[in-house]
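Chains as they are written, first to last, in the numbering used here: chain A, 336 to 836; chain B, 122 to 610.
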């Protein structure tokens, strides 16, 4: 798991899209049940995950070579459009595929009551395939197409439970803001194409005039909206708070971070000044930390609160990235990737266990968490673990991340590092103010006075408990042995820095 | 890995593992949870005692594991003479707290979690004193906080417990963060997280000493609960169930002292540290007088003793601030004696509350006729905290007072001594009102369980013994001096 390089990301994208079509057809013709659809999509995601993780071993197998040659022969899909060496993208797509595997497994039970599951799995598969395409591509038009594929699937998934007004409202808001972002990105691409005559990222020179510069800035701001940078974050708490929990897990856990990574990678490879980019990101990150944490304090819906927590965590990720770009520090960028990993595990665990609480006892508000005594303690403990990890309380995974952030802030001789340290520490204290009540509500039930016999404990379907167990193990594993993850993140950080022109 | 290493790791591990065991399987063996935890606390104490011969031979037993080699982060444990007094305090207090809890906490569906968390709390403190690298130190430092918060949150004695826990957690966490920033500033200088690197890191950048030193003192000051960082203490101590209060007041407060001795005081020379001396002495005197005055006007008997802790921590900070031989030894001895006496006083308060069901000092009175044994224990404890000769605290208070006159600030030393009159006043009010005045309103007293009596009486005996025979303890504590302030004494 040390060095990654996928022969051709297109294989994954095509398989996922094909699977989407096949599952949709099967459900239309054979009316297969929800759990079969879930199993099929889980299987697809799992296969693709294994393909990435073990691709070093597969590279030499004849099927793989034939497949790659075949793909290369189709001109329009040739690997020239994709940068398969991008280790940051590989890391993020591994996380995305892993989360998607767990989420589709989870949905087998979670979506049982819904009527329109037939649309869910194809949309999820298409969303992930768009996401992976967006991560790897080195062509602006392809980038636009894949990011639109991802976004459109996301809009529909947020409004998946369209029988409720809130879901429609959140989805519509997201659609409106996202479309504006898309238009801005398209405008930026047009500017770049106008001044350079090419849409290949590696051939574009943005130092040749203000039109290119404006184009780059436009694309960046479009992506800022899609990655919920304050002040363009307003759609996120609604969208992540109203979407089905399984979708929120993936949206909050990795999508936002992937979009953010893409925008940074894009600007760096366009030749945007890394110091200026770092400064812009620094300001955005401080805003994110402050707004995310302060707004989190006044929430009374658990999922909206988790949405604001995502905004603040995006702030930490961006902060490290900014410090790394301003001072050319690989260690800071590495930290940013490490937080992405930890946050993906913790946030998706939080959303999935919250989904269980919602599914079985209808808990939506924070004070409803007290009713968790009707469920096995396992769920409350998992939710608590996720929250403790997000709050970066040692000994759990989040703390190693926090340690690394502080180390980088202190080590970098950045002029703004004192300000950053103050905001970071202040933010993490404020964050305790909303994480702690969650813990109080959830833990006060575990140790409640009630006898076991008096508690009517509902049984949790294994479809739901399995993904949660996997995530719990993942968090504990990251807590105990972070060393393994540091290696892959280090590679990604050097790759990103190497992209500077 | 030799036997000594295994023993050192198991001082902590035996508590952590049995805590985990109780959390997982406690339901089925609920009745035995308390006996298991008692056994564990005794065995941990026994394992710790094994190191005394080695320490006396001049060895420094230590263990090292790699954790994050690329970042220079290790897991390493070490026991030296500086850790010794604090480890001793903490291990002793754990035993008494668990003995006290045996009958105090009624055995029910969740009592196994109580004992598991108590052991985890205790493991956090042993780990804090044994840790030899900042990552591990911080890890255990926060484990201590988490375990104690969950205890207060779930076994708190009134409906205010959620708010009190939030306040406790956030304020002490803020202190921890200040310490963390100081740690990381040093860590980035050296890239190694071992304690030995702290001295090197600080000496390499002398211009950072004022900043890092103040971060440490502020951060550990929050844990010590000196004025003005004491605001979490009275609420938390009065809210927590009595065994947890004993652990908090007698053992956890001393961890702040340990932090000050371990980090700023061992890595700076006397010259470099002298800039913090006067502020520490002033804060010490202010805490002493403020805590004692609040104890004098407070009505809730548990809060009275809680404020007395603020006052006593003032003595300790003052002693450390004098930077003299007797001040530092006195302060360290005071940590141990204060732990014993404060545990005794809280045991007595718990006894009073258990017997009468009242916490308001106005509603109590005439207890000396109703419970002579309690009266003896309480009077001895009270006299001891007043600093009456031949009882525990007298020796250390003597040393702290005398150290004050070795500094140029004689005025502060006078204030310090005069301030101790307030201690006498609140203790006399406490004992006089509760035991020796008649109460118009007659009230009956309940029978008090045996374990509460056992813990109280044995602490009383310990108080007398420690006061009469200070020599062995004194000889142990003096050994820490070569490690502090450059070792020039």
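Think of the CB as a built atom: it goes at the ideal place given N, C-alpha and C, for glycine as much as any other residue.
Only a predicted model underlies this, so the values are computations on that prediction, with no experimental measurement involved.
Contact belief for residue i with residue j at Cβ below 8 angstroms, rounded distance in angstroms
i, j, result
"residue 344 of chain A", "residue 467 of chain A", "6 angstroms"
"residue 461 of chain B", "residue 583 of chain B", "5 angstroms"
"residue 515 of chain A", "residue 306 of chain B", "Not confirmed; about 44 angstroms, so no contact."
"residue 798 of chain A", "residue 441 of chain A", "6 angstroms"
"residue 554 of chain A", "residue 758 of chain A", "Between residue 758 of chain A and residue 554 of chain A the Cβ distance is about 27 angstroms, and since that is not below 8 angstroms, they are no contact."
"residue 371 of chain B", "residue 464 of chain B", "4 angstroms"
"residue 202 of chain B", "residue 293 of chain B", "Contact flag wrong, Cβ pair sits at about 27 angstroms."
"residue 358 of chain A", "residue 454 of chain A", "That pair is no contact at about 10 angstroms."
"residue 437 of chain A", "residue 475 of chain A", "Contact flag wrong, Cβ pair sits at about 33 angstroms."
Collapsed DSSP secondary structure at residue i in the structure displayed
i, result
"residue 742 of chain A", "helix"
"residue 338 of chain A", "At residue 338 of chain A, the pLDDT of 41 sits below 50, so the modelled position is not reliable and the matter cannot be decided from this model."
"residue 259 of chain B", "helix"
"residue 294 of chain B", "helix"
"residue 329 of chain B", "helix"
"residue 194 of chain B", "strand"
"residue 414 of chain A", "Low local confidence applies: a pLDDT of 49 at residue 414 of chain A is under 50, so the model's placement there is unreliable, and no value is given."
"residue 820 of chain A", "helix"
"residue 569 of chain B", "coil"
"residue 592 of chain B", "helix"
"residue 748 of chain A", "coil"
"residue 314 of chain B", "coil"
"residue 178 of chain B", "coil"
"residue 623 of chain A", "helix"
"residue 578 of chain A", "coil"
"residue 199 of chain B", "strand"
"residue 609 of chain A", "helix"
"residue 118 of chain B", "Nothing about residue 118 of chain B can be read from this structure; chain B reaches only from 122 to 610."
Same chain, Cβ closer than 6 angstroms to residue i, neighbours up to 5 away in sequence not counted
i, result
"residue 303 of chain B", "333, 336, 337"
"residue 309 of chain A", "For chain A, the structure presents residues 336 to 836; residue 309 of chain A sits outside this window and is missing."
"residue 832 of chain A", "665"
"residue 485 of chain B", "479, 555"
"residue 617 of chain A", "657"
"residue 561 of chain A", "516, 594"
Closer than 8 angstroms to chain B by CB, residue i
i, result
"residue 324 of chain A", "An answer regarding residue 324 of chain A cannot be provided, because it is not within the stretch 336 to 836 covered by chain A."
"residue 779 of chain A", "yes"
"residue 771 of chain A", "yes"
"residue 746 of chain A", "yes"
"residue 764 of chain A", "yes"
"residue 668 of chain A", "no"
"residue 742 of chain A", "yes"
"residue 367 of chain A", "no"
"residue 414 of chain A", "Interpretation of residue 414 of chain A is limited by its pLDDT of 49, a score under 50 that renders its predicted location unreliable; the figure taken from the coordinates is listed afterwards. Closer than 8 angstroms: no."
"residue 613 of chain A", "no"
Beta-carbon proximity list for residue i, same chain, < 8 angstroms, skipping 5 on both sides
i, result
"residue 595 of chain B", "450, 454, 516"
"residue 530 of chain B", "399, 402"
"residue 614 of chain B", "Outside the shown range of chain B, which is 122 to 610, sits residue 614 of chain B, and nothing can be said about it."
"residue 701 of chain A", "634, 635, 636, 637, 640, 772, 773, 776"
Beta-carbon proximity list for residue i, same chain, < 7 angstroms, skipping 5 on both sides
i, result
"residue 667 of chain A", "655, 658, 659, 743, 747"
"residue 131 of chain B", "168"
"residue 510 of chain A", "490"
"residue 438 of chain B", "345, 347, 401, 404, 405, 408"
Residue-level contact to chain A via CB, residue i, 8 angstroms cutoff
i, result
"residue 275 of chain B", "yes"
"residue 251 of chain B", "no"
"residue 332 of chain B", "no"
"residue 326 of chain B", "no"
"residue 287 of chain B", "yes"
"residue 290 of chain B", "yes"
"residue 283 of chain B", "yes"
Members of the region 487 to 514 of chain A that neighbour chain B once the beta carbon cut-off is set at 7 angstroms: none
Cβ-based contacts, 7 angstroms cut-off: residues of the region 800 to 829 of chain A near chain B: Across the region 800 to 829 of chain A, CB contacts with chain B closer than 7 angstroms involve 817, 818, 821, in sequence order along the chain.
Contacting positions in the region 182 to 199 of chain B - beta carbon closer than 9 angstroms to chain A: 187, 188, 189, 190, 191, 192, 194
Interfacial residues, the region 292 to 315 of chain B to chain A, with Cβ spacing under 7 angstroms: Near chain A, meaning a CB-to-CB distance below 7 angstroms, the residues of the region 292 to 315 of chain B are 294, 295, 298, 301, 302, 305, 306, 308, 309.
Members of the region 253 to 280 of chain B that neighbour chain A once the beta carbon cut-off is set at 9 angstroms: 256, 259, 260, 261, 262, 263, 264, 266, 267, 270, 271, 274, 275, 276
Interface positions of the region 494 to 515 of chain B facing chain A (Cβ-Cβ less than 7 angstroms), listed along the chain: none
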